[in-house]
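Chemist:
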Amino acid sequence: MSMTKKILIGIVLGLIVGLTLHIYFPATFDSVNTYVFSPVADLFLKAIKMIVVPLVFFSIAIGAAGMADPKKLGRIGGKTILLYLITTAVAISLALILANVIGPGTHAGNIPLPEEAPDAAKDGAPSILETFVNIVPENPIAALAEGQMLQIIFFALVFGFGMAFLGSKVDRVKELVEQANEIMMWMIHQLMKIVPFAAFALMARAIGEAGPNLVGSMALYMITLVSVLLLHMTITYGLFLKFIAKLSPIKFYKAMFPAMEVAFTTSSSAATLPVTMDRVEKGLNVPKSISSFVLPLGATVNMDGTAIMQGVAAIFIAQVYGIDLTITQQLLIVLTATLASIGTAAVPSAGIVMLTIVFPVVGLPIEGLAIVLGVDRLLDMARTATNITGDAMVATCIAKTEGADINIQEEASKTA
């Protein structure tokens, strides 16, 4: 049985058990939650916390080192990275706007904040100026020990850029960081094997505590997220295609549909990469010299679909816990998710990892992860389709700015 099916079974069983205990056996739920649901859920969340700091540092450092390689960067590389970061920032901003308007978590009833909730959730967030000043760590080791995510991301970026520009002088250091990153990847792969059990416990605990209202809010969260994904793919990408690539968005989507279909069914950008490259080169006539650089780079730094999930999930969880996120905090979500996208796009279950990065920065309790984790797998397919479509759109725009003759190859599109 595939992991996706196991997770879905865990979600459904957790939903049924949580609702049953909440409605018919509330006293029993307290005991079961204390001795079964909470220990399993807390162990999983603690394991994520254990892994996320070194994972973020090593993956972003390696991502920055590869991205800033002077031999690879050049004019095309600079434009590609800029366009990827712009689309990611637009994606999160669109997610925040729509989530604030729809308010998917406002009907759940305020769930009490955990005792260990971040100070920002109780005392408010620092000003935007204070945040930018504090992004530079006085002591990087202390930042790592305390889990100061923005400081960790900043130091990892500087460290990675340093490895890139020093080149062969620091080959041993780069190799060590790459090996450490491989170890962290292995650890998170192993952790993902227990996700079905964690999904059951997390869902049962969340529904058992909050009741049926949370089910409706989770459904609205899913609708909001899918709506933002569709808007971003049609409007944002459509505008870039129309005004930069001078290409009909409808024709673009028809040419890319086979790759989008594979991405949707596999939930893997890496597995879809060969199909994406084929459709971009044969369906859109993008030169191989551009697609072979832009598309693999996109698998490392571009994650518009996941970024949208960060924005919607952050607002949703804040509403569920009755936390009013300020404009400053919402800008921090944009900044954190955009910077963290460098390197973490290749991380397994990147959405979960990214939420673990974003939540503490804006003062949201990490326990809120339990509420969205239950339905995350269902939405992963749509996010992946958005991610690879964004990669293809950027490749098409870059090719056009480099003077390529972008056109739709009808015959290739039909036979693909």
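Residue 1436 is where the sequence shown starts when you use our numbering, and the numbers rise one by one after that.
Glycine included, every Cβ here is placed at the ideal spot set by N, Cα and C.
Predicted model, so just to flag it, every value in this text is computed and none were measured.
1) State the DSSP-derived secondary structure class of N1430, mapped to helix, strand or coil.
2) Please classify V1810: is it buried, with 16 or more other beta-carbons within 10 angstroms of its beta-carbon, or exposed?
3) Around the Cβ of E1802, are there at least 16 other Cβ atoms within 10 angstroms (buried) or fewer (exposed)?
4) Determine whether the beta carbon atoms of I1725 and I1642 lie at a separation below 7 Å.
5) Do A1530 and I1758 count as a contact pair if the criterion is CB distance below 7 Å?
6) Can you tell me whether N1648 is buried or exposed? The criterion is at least 16 other CB atoms within 10 Å of its CB, across all chains shown.
7) What are the boundary residues of the alpha helix (DSSP H) that E1581 is part of?
8) For the stretch 1470–1479 against the stretch 1574–1592, do three or more pairs of beta-carbon atoms, one drawn from each stretch, fall closer than 8 Å, so that the two count as touching?
9) In its own chain, which residues sit with a C-beta less than 8 Å from the C-beta of I1527, not counting the 5 before and 5 after it?
10) Are the stretch 1512–1520 and the stretch 1784–1796 in contact at 8 Å, needing three or more beta carbon pairs?
11) For V1571, count neighbouring Cβ atoms within 10 angstroms of its own Cβ and tell me buried if that reaches 16, exposed if not.
12) Looking only at its chain, what residues have a beta carbon closer than 8 Å to the beta carbon of A1775, apart from the 5 residues adjacent to it on each side?
13) Can you check which of these residues, V1650, G1595, T1439, is closest to H1457 by C-alpha distance?
14) State the start and end residues of the unbroken alpha helix (DSSP H) segment that holds T1741.
15) Pull up the distance between the alpha-carbon of E1644 and that of Y1688, whole angstroms please.
16) Measuring alpha carbon to alpha carbon, tell me which of M1712, E1610, L1611, M1485 ends up nearest T1831.
17) Roughly how many whole angstroms lie between the Cα atoms of E1581 and W1621?
18) Could you spell out the range, first to last residue, of the alpha helix (DSSP H) harbouring T1711?
19) In three-state terms, what does DSSP make of E1610?
20) Under 7 Å, do G1540 and F1751 count as touching if we go by C-beta distance?
21) Rounded C-beta distance between I1497 and G1595? I'm assuming under 8 Å.
22) Whole angstroms are fine: how far does the CA of P1731 sit from the CA of Y1656?
23) Closest to I1537 by CA distance: which of T1659, R1640, Q1764 is it?
24) Is V1715 closer than 7 Å to Y1519 when the C-beta atoms are compared?
25) I need the straight-line Cα distance from I1451 to M1738, nearest angstrom please.
26) Alpha helix (DSSP H) containing N1842: first to last residue?
Modeler: Reading off the structure:
1) Any property of residue 1430 remains undetermined from this structure, which presents the chain solely from 1436 to 1851.
2) buried
3) buried
4) no
5) no
6) exposed
7) 1575–1581
8) no
9) A1742, I1743, Q1745, G1746, I1768, V1769, A1772, T1773
10) no
11) exposed
12) V1491, I1495, M1584, I1588, M1789, I1792, V1793
13) V1650
14) 1739–1755
15) 43 Å
16) M1712
17) 24 Å
18) 1704–1713
19) helix
20) yes
21) 7 Å
22) 31 Å
23) T1659
24) no
25) 33 Å
26) Careful: N1842 lies outside any alpha helix (DSSP H) and carries neither H nor E.
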